[in-house]
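*Asks:*
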């Protein structure tokens, strides 16, 4: 029997050592801190489940949870809506739009700009007195006086959502267009011949076949949205003002750890955030999977019916032929 050569293990060993030291160990250490009161110096004080009991009754964490979902929900709805509209537009055989690569590059460009540059840019544009957005809206008569966009809870959340939409809809568009390119053009040509309009083509061909891609987009967007931190941090004073409207879960975690030196409670927030992400991602995946399974079951049932109808048709034809033969 040929002996195995164990030299390969020596080559992959450094990766596993680094992975254990820099990935697994911090995760386990953070989990340990969730059961302690630790301020970054001295020995951690074991307090059991006190941090978990606190987070369940913490109104600030609940507020941060709601804020995060509001900002992500509006951002994702706009982002997906714009990307779907553009994907339907570029896939429509009636328009035959050229230069898809150029448009992909233009739409994706905001995603390449660093978040700090984006924050500086929109801080200037959203300025109460001299911002270009207020100046433009005043000139066309949509508003009578300047709006303090980042100093009112509602407008601050809407502003952050719109900025995120501007940054990320290009990525979503590229992913959806990759899905659209995988759809056979025969479906669209058949729909065109049958006289289907654009809405019918989109609703009954494009949208159903894009559901797996949309599931991927939704889960990745959800994971990224629940980790929203940098833009609210840079656009405000780091506390999530005005009135805590931009205080997201990760920003709250950051302040607990590095502003108030409450590392034990910050670790608990981190694990709670992980749990929330896993639960909602699983729910989203499960619901989409059930819907897809239901559609497959309906398709199979329709195939069975069509086969049965064909068999009945063949039997009827044979009976007619037999009757004609008897008459002859």
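Residue numbers (the UniProt record's numbering): 1 to 328. C-beta: ideal position from N, C-alpha, C; glycine also. Remember, predicted model here, so these are calculated numbers, not experimental data.
Would you list the one or two residues that DSSP bridges to residue 6?
*Replies:* Taking the chain shown and counting its residues from 1, one reaches residue 6 at position 6. The partner list for residue 6 (beta bridge, DSSP) is empty, contrary to what the question assumes.
*Asks:* Which whole runs of the alpha helix (DSSP H) in the stretch 41-96 are 4 residues long or more, in chain order?
*Replies:* 50-56, 59-91
*Asks:* From residue 181 to residue 151, what does the alpha carbon distance come to, in whole angstroms?
*Replies:* To locate residue 181, count along the chain shown from 1; it is residue 181. To locate residue 151, count along the chain shown from 1; it is residue 151. Each residue's Cα considered, the two are about 44 Å apart.
*Asks:* Can you give me the Cβ contacts of residue 244 inside the same chain, cut-off strictly under 6 Å, excluding the 5 residues immediately before and after it?
*Replies:* Along the chain shown, read from residue 1 onward, the residue named residue 244 stands at position 244. Excluding sequence neighbours, residue 244 sits near 63.
*Asks:* If you compare alpha carbons, which of 47, 251, 73 is closest to residue 164?
*Replies:* On the chain shown, residue 164 is found 164 positions in, with the first residue counted as 1. The shortest Cα separation from residue 164 among 47, 251, 73 belongs to 73.
*Asks:* Could you check the C-alpha separation between residue 187 and residue 170 for me, to the nearest Å?
*Replies:* Taking the chain shown and counting its residues from 1, one reaches residue 187 at position 187. Taking the chain shown and counting its residues from 1, one reaches residue 170 at position 170. Cα-Cα distance, rounded: 26 Å.
*Asks:* Tell me, please, whether the stretch 37-50 touches the stretch 124-139 by the rule of three or more beta-carbon pairs shorter than 8 Å.
*Replies:* no
*Asks:* Which one of 107, 95, 98 has the shortest CA to CA distance from residue 83?
*Replies:* Position 83 of the chain shown holds residue 83. Checked all of 107, 95, 98; the closest Cα to residue 83 is 107.
*Asks:* With a threshold of 7 Å on Cβ separation, who are the neighbours of residue 168 within its own chain once the five nearest residues in sequence on each side are excluded?
*Replies:* As a first step, residue 168 must be located in the chain shown, where it is residue number 168. Correct list, in chain order: 79, 111.
*Asks:* Please return the same chain residues whose Cβ sits closer than 8 Å to the Cβ of residue 252, not counting the five positions on each side in sequence.
*Replies:* Reading the chain shown from its first residue, position 252 is the one you call residue 252. So the qualifying residues of the chain are 60, 61, 64, 240, 269.
*Asks:* Can you tell me which residues form a DSSP beta bridge with residue 36?
*Replies:* Indexing the chain shown from 1 puts residue 36 at position 36. DSSP output for residue 36 lists 46 as bridge partner(s).
*Asks:* Does the Cβ of residue 53 have 16 or more other Cβ atoms within 10 Å, making it buried, or fewer, making it exposed?
*Replies:* Walking along the chain shown from the start, residue 53 turns up at place 53. Residue 53 should be labelled exposed.
*Asks:* Give me the Cβ distance between residue 179 and residue 222, rounded to the nearest whole Å; I'm assuming they're in contact under 8 Å.
*Replies:* Position 179 of the chain shown, counting from 1, holds the residue named residue 179. Position 222 of the chain shown, counting from 1, holds the residue named residue 222. About 18 Å; that fails the 8 Å criterion.
*Asks:* Using the Cβ count rule (16 or more neighbours within 10 Å means buried), how would you classify residue 126?
*Replies:* Against the chain shown, residue 126 aligns to sequence position 126. Taking all protein chains shown into account, residue 126 has 16 or more neighbouring C-beta atoms within 10 Å of its C-beta and is therefore buried.
*Asks:* Terminal residues of the continuous alpha helix (DSSP H) containing residue 236?
*Replies:* Looking up residue 236 in the chain shown gives position 236. From DSSP, residue 236 is part of no alpha helix (DSSP H); its letter is neither H nor E.
*Asks:* Look at residue 166 and residue 156 and say whether their C-beta atoms are less than 9 Å apart.
*Replies:* Taking the chain shown and counting its residues from 1, the one referred to as residue 166 is at position 166. Taking the chain shown and counting its residues from 1, the one referred to as residue 156 is at position 156. Against a cut-off of 9 Å, the Cβ pair of residue 156 and residue 166 comes out as no contact.
*Asks:* Quick check on DSSP: helix, strand or coil for residue 184?
*Replies:* Along the chain shown, read from residue 1 onward, the residue named residue 184 stands at position 184. Note: residue 184 maps to coil in three-state DSSP.
*Asks:* Inspect the beta-carbon positions of residue 131 and residue 140 and report whether they are closer than 9 Å.
*Replies:* On the chain shown, position 131 is the one that residue 131 refers to. On the chain shown, position 140 is the one that residue 140 refers to. Not a contact, by the Cβ cut-off of 9 Å.
*Asks:* Taking the alpha-carbon positions, what's the residue 100 to residue 116 distance?
*Replies:* In the chain shown, residue 100 corresponds to position 100, counting from 1. In the chain shown, residue 116 corresponds to position 116, counting from 1. The straight-line gap from Cα to Cα measures roughly 29 Å.
*Asks:* Compare the beta carbon distance of residue 90 and residue 267 with 9 Å and say whether it is the shorter of the two.
*Replies:* What you label residue 90 is simply residue 90 of the chain shown in a count that begins at 1. What you label residue 267 is simply residue 267 of the chain shown in a count that begins at 1. Not a contact, by the Cβ cut-off of 9 Å.
*Asks:* Can you look up residue 111 in the DSSP assignment and give me helix, strand or coil?
*Replies:* Sequence index remark: in the chain shown, residue 111 carries index 111 (1-based). DSSP, reduced to helix, strand and coil, places residue 111 within a helical segment of the structure shown.
*Asks:* Check for me: the alpha helix (DSSP H) holding residue 212 runs from which residue to which?
*Replies:* Here residue 212 corresponds to residue number 212 of the chain shown, with the count starting at 1. Segment 211-226, the alpha helix (DSSP H) holding residue 212.
*Asks:* Assess, as a yes-or-no matter, whether the stretch 192-199 is touched by the stretch 212-220 under the definition of 3 or more beta carbon pairs within less than 8 Å.
*Replies:* no
*Asks:* Suppose you measure from the CA of residue 248 to the CA of residue 154; what does that come to, to the nearest Å?
*Replies:* Here residue 248 corresponds to residue number 248 of the chain shown, with the count starting at 1. Here residue 154 corresponds to residue number 154 of the chain shown, with the count starting at 1. Their Cα atoms are separated by approximately 14 Å.
*Asks:* Relative to the alpha-carbon of residue 37, which residue among 145, 246, 262 has its alpha-carbon at the smallest distance?
*Replies:* Translated into the one-based positions of the chain shown, residue 37 becomes position 37. Selected option, being the one with the closest Cα: 262.
*Asks:* Leaving out five residues on either side along the sequence, give the residues of the same chain with a beta carbon under 8 Å from the beta carbon of residue 55.
*Replies:* Looking up residue 55 in the chain shown gives position 55. For residue 55, where only same-chain residues beyond five positions count, the Cβ hits under 8 Å are 61, 265, 268, 269, 272.
*Asks:* Which residue from 129, 159, 158 puts its Cα closest to that of residue 145?
*Replies:* As a first step, residue 145 is located in the chain shown; it is residue number 145 there, counting from the start. Nearest option by C-alpha distance: 129.
*Asks:* Buried or exposed for residue 33, going by 16 or more other Cβ atoms inside 10 Å?
*Replies:* On the chain shown, position 33 is the one that residue 33 refers to. So residue 33 ends up on the buried side.
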